[in-house]
Amino acid sequence: MIDTHSHIYSEEFDTDRAETIQRAKEAGITHIILPNVDSETLPQMLALEAEYPDYCHAAIGLHPTSVKENYREELALIKSELERRSWIAVGEIGIDLYWDKTFIKEQIIAFRQQIEWALEYKLPVIIHVRDSFNETMEALQPYKNSGLNGVFHSFTGGIEEAHEIIDFGGFLLGINGIVTFKNSGLATVVEQIALKHILLETDSPYLTPAPHRGKRNESAYTQLVAKKLSEVYNCPQEYIDEQTTKNAFSLFSGLSK
Ligand SMILES: [Zn+2]
């Protein structure tokens, strides 16, 4: 299994990061993808990746909640990092209108700029959408059939939204602990979507799956998401593991390098 979205470099893991990675390995997680947030998270993320170079794979991007007055400097850093070395993806990027709408215009500018760079550097994108599905799809429209691909991380929409993403082409849906929450309704959406469109993720330290809901999330719990999907699709968990791993390898081609 691959945890395609984890912020395990964050301070929540400062006291037991090595043990956390050990638990992930024991749970059958073979790779962890680390999405960046902004210039402040970058050093920690790079340090973790340097410590586990074949296990942790860093993506580079400016998160929509970090798009503020200084977004141009933040974007300049992303661009110079893209020039400097290779990355697994551009992310996480997107539009978040849940926390703050002040910088909506700038969020859209930053999102589009980073999509352009993803195309330029031939990288998939990791998209964060919160209370912004229509705005996100609108921003993506010019890139339909452009070769752009990626994942809608932490997908929580309905079946129409899932179809809209799949019909757009090139995008997978990242499913995490939310699918284990009874009140989310996500399981009934996911069961109508073919497994070839699904990626496993945790979004740790957030969105901890049942039965650990409310505690810190970690990559080992990817297996709880896979277990839930095996119930949803009524198939062995090994099949979920194999298929979603295949999906992750085909999207994130840097994993096999
Ligand atoms: Zn994230």
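1 is the number of the first residue of the sequence shown in the working numbering; add one for each residue after it.
Idealized CB from N, CA, C, for every residue including glycine.
### Helix, strand or coil at V225 [DSSP, three-state]
helix
### Task
Identify whether D203 lies in helix, strand or coil by the three-state DSSP scheme.
coil
### Query
Helix or strand or just coil, what does DSSP make of F249?
helix
### Query
Just to confirm, are N145 and L251 a CB contact at a threshold of 8 Å?
no
### Message
I need the straight-line Cα distance from D215 to V232, nearest angstrom please.
### Response
Position check: residue 215 holds Lys in this sequence, whereas Asp was assumed. Using only the alpha carbons, I get a separation of about 24 Å.
### Task
Using only the heavy atoms of ligand 1, determine whether one of them is closer than 7 Å to the beta carbon of H197.
no
#### Entry: Contact check, V151 vs T244, beta carbons under 8 Å
no
### Task
Helix, strand or coil for D16, going by three-state DSSP, please let me know.
coil
### Task
Look up G170 in the DSSP assignment and say whether it is helix, strand or coil.
coil
### Query
Does any heavy atom of ligand 1 sit closer than 7 Å to the C-beta of H7?
yes
#### Entry: E92 Cβ short of 7 Å to ligand 1 heavy atom set
yes
### Task
Tell me whether H212 counts as near ligand 2, meaning its Cβ is closer than 7 Å to at least one heavy atom of that ligand.
Among the ligands modelled here, namely ligand 1, ligand 2 does not occur.
#### Entry: Those residues which DSSP pairs with V151 across a bridge
I126 and L172
### Task
With a threshold of 7 Å, establish whether the CB of D264 neighbours any heavy atom of ligand 1.
Past the boundaries of the shown model lies residue 264; the chain is included only from 1 to 257, so the question cannot be answered.
### Message
Just to check my reading of the structure: S204 and G174 have Cβ atoms closer than 8 Å, yes? What is that Cβ distance to the nearest angstrom?
### Response
Wrong, their Cβ atoms sit about 13 Å apart, outside the cutoff.
### Residue range of the unbroken alpha helix (DSSP H) whose run includes I78
Y71 to R84
### Query
The beta strand (DSSP E) with I88 in it runs from where to where?
Looking at the DSSP string, I88 is not in any beta strand (DSSP E), and its letter there is neither H nor E.
### Message
Taking its Cβ as the centre, do 16 or more other Cβ atoms sit within 10 Å of E201, making it buried, or is it exposed?
### Response
buried
### Query
In the structure shown, what three-state DSSP assignment does G61 receive?
coil
### Message
What does DSSP give as the partner residue(s) for I95 in the beta ladder?
### Response
V129
### Task
Classify D54 as helix, strand or coil using the three-state DSSP reduction.
coil
### Message
What would DSSP say about I32, mapped onto helix, strand or coil?
### Response
strand
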